[in-house]
Ligand code: 2P0
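Residue numbers (full-length UniProt numbering): 1 to 324.
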């Protein structure tokens with residue numbers, strides 16, 4: 001029997017998106033990406049390896065998963081067992097402190113917390129870069145959730161060099177996000193399937209990796225200059241370039257819903273009235289507004305005219321993975 005270990009990891013939102021894989025098994029991306037880790041949304045995961053178990057027991061938010069539903073977690077635990085020379089199955093208990101279907105990737109916080117808890121419970125003492133590479137095998141965006149603040153996932157070439165590095169862990173200027181929850185239903189096209197379909201079929205995809213790499217360089221300079229407007233402009237344009245690849249896929253698809261456009265228009269109107277705010281979106285219809293804490297009350301007041309107050313979630317930058 002090993003000790004039960006609990007780890008906490010926070011979600012992150014990409015300002016420069018990861019979109020497309022070079023290697024689907026190792027999860028090596030086609031482009032580097034950059035994200036902001038968020039304070040209020042996180043996953044707590046406890047792992048214990050127990051010799052008496054006959055299979056992995058995975059509980060998420062109090063629900064025991066079937067073998068089929070838990071397949072991604074089983075496969076990930078196999079990696080950890082292999083590395084640690086363990087054969088025992090694990091008890092995994094994971095709680096998401098991410099509002100239901102907030103469109104804030106719980107796979108990022110989920111696999112980052114699982115990597116930290118499972119590796120330590122298995123007796124591995126991994127460094128943060130090693131943890132980041134391990135989390136990557138569960139979900140690409142989890143690579144970045146090992147660190148706090150602004151985080152860069154350097155795409156690398158293989159399992160040993162595709163990892164996140166902290167770009168700015170302690171942020172010393174005023175930046176935060178407002179997540180607008182538009183649609184609580186499960187996504188029509190999962191991000192994993194969506195990006196694979198785009199890579200395989202969109203004639204526009206070839207333009208994505210080079211333009212994202214250019215955006216990343218510009219984003220890092222904008223962060224160093226603490227230039228919220230430039231950060232927002234770059235993030236917005238990068239997100240829309242990503243979404244343009246879905247419409248050009250075969251068959252075409254989109255993560256946009258009518259309310260998505262309403263939210264975007266509100267952000268644009270606020271900006272036309274002198275408020276610094278910008279939007280980004282992941283593989284789902286929800287819109288995240290990049291803004292300052294100072295201007296958040298004015299933005300919330302405007303958004304509340306269209307969306308229920310409890311669908312507007314303010315998120316400040318958050319920390320990296322911790323053991324609790
Ligand atoms: C990102 N997304 O950079 C991008 C932007 C969604 C849009 O990372 O297949 O769940 O597990 O590696 O990490 C979501 O994709 O995909 C994602 P897998 P993941 O945040």
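Ideal placement from N, C-alpha and C gives every residue a C-beta, glycine not left out.
Bridge partner(s) assigned by DSSP for residue i
| i | result |
| --- | --- |
| residue 63 | 60 |
| residue 291 | 176 |
| residue 317 | 38 |
| residue 89 | 50 |
| residue 14 | 35 |
| residue 97 | 42 |
| residue 9 | 43 |
| residue 27 | The partner list for residue 27 (beta bridge, DSSP) is empty, contrary to what the question assumes. |
| residue 280 | 288 |
| residue 322 | 8 |
| residue 312 | 180 |
Residue j beta carbon less than 7 Å from that of residue i
| i | j | result |
| --- | --- | --- |
| residue 112 | residue 142 | yes |
| residue 22 | residue 28 | yes |
| residue 191 | residue 249 | no |
| residue 245 | residue 198 | yes |
| residue 11 | residue 108 | yes |
| residue 275 | residue 298 | yes |
| residue 331 | residue 24 | The requested residue 331 does not occur in the structure, where the chain is confined to residues 1 to 324. |
| residue 148 | residue 319 | yes |
| residue 9 | residue 145 | yes |
| residue 288 | residue 177 | yes |
| residue 65 | residue 122 | no |
| residue 38 | residue 315 | yes |
| residue 167 | residue 36 | no |
| residue 195 | residue 19 | yes |
| residue 6 | residue 49 | no |
| residue 77 | residue 56 | yes |
| residue 164 | residue 127 | no |
| residue 253 | residue 189 | yes |
Candidates the options: closest to residue i by CA position
| i | options | result |
| --- | --- | --- |
| residue 75 | 93, 139, 36 | 139 |
| residue 95 | 84, 73, 85, 63 | 63 |
| residue 309 | 186, 115, 179, 233 | 179 |
| residue 162 | 169, 152, 108, 171 | 152 |
| residue 80 | 98, 124, 59 | 124 |
| residue 84 | 52, 53, 231, 118 | 118 |
| residue 214 | 31, 2, 20 | 31 |
| residue 324 | 116, 15, 318 | 116 |
| residue 234 | 278, 263, 133, 166 | 278 |
| residue 285 | 305, 267, 263 | 263 |
| residue 206 | 242, 86, 227 | 242 |
| residue 228 | 72, 281, 171, 182 | 171 |
| residue 307 | 273, 272, 247, 266 | 266 |
| residue 182 | 13, 50, 313 | 313 |
| residue 15 | 78, 91, 230, 56 | 230 |
| residue 90 | 106, 51, 60, 187 | 51 |
| residue 110 | 291, 158, 137, 302 | 137 |
| residue 97 | 159, 44, 222, 295 | 44 |
Residue i in three-state terms, based on DSSP
| i | result |
| --- | --- |
| residue 2 | coil |
| residue 124 | coil |
As an exercise, report each continuous alpha helix (DSSP H) stretch of at least 4 residues that is fully enclosed by the segment 183–258, in chain order. As far as the segment 183–258 is concerned, its whole alpha helix (DSSP H) runs of at least 4 residues are 191–201, 208–224, 228–247.
May I have a chain-ordered list of the beta strand (DSSP E) segments no shorter than 3 residues that lie completely inside the segment 132–181? The qualifying runs are 150–154, 163–168, 176–180.
Residues whose Cβ lies closer than 6 Å to any heavy atom of ligand 3, in chain order: Ligand 3 is not part of the structure shown, which contains ligand 1 as its ligands.
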